[in-house]
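In this note's numbering, the protein residues as written are 525 to 632.
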């Protein structure tokens with residue numbers, strides 16, 4: 525793949541990622557758009573979501589049924605919890621992607 529092809533592929537990837545973020549934030553959902561947006565940009569989440577956000581941002585393996593049950597008891601629907609997880613996972617994935625891109629751009 526030559527430099528032009530790489531640049532084109534990177535531009536396509538960036539556009540698609542922006543479209544994904546827009547769909548996660550502004551698409552149909554039960555979690556308020558402002559909350560989804562804050563989760564994607566990494567501002568402080570609502571206090572009751574902070575524990576789940578930290579676990580998902582750290583890789584998600586530590587999330588348990590008890591975490592979901594706690595949020596359900598606090599009034600969040602399963603859909604809202606799912607939307608929270610998706611928003612944080614997309615943000616974390618984007619952050620990791622940018623880190624890899626920076627590493628690849630460094631001279632060898």
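C-beta atoms are modelled at their ideal positions from N, C-alpha and C, and glycine is treated no differently.
Quick caveat: nothing in here was measured; it's all calculated off a predicted structure.
In this structure, residue 607 sits near residue 555, with a CB-CB distance shorter than 8 Å. Relative to residue 617, the option among 593, 560 and 582 whose CA is nearest is 582. Boundaries of the alpha helix (DSSP H) harbouring residue 625: 602-629, taken from the DSSP string. Counting along the chain, residue 558 sits inside the alpha helix (DSSP H) bounded by residues 557-565.
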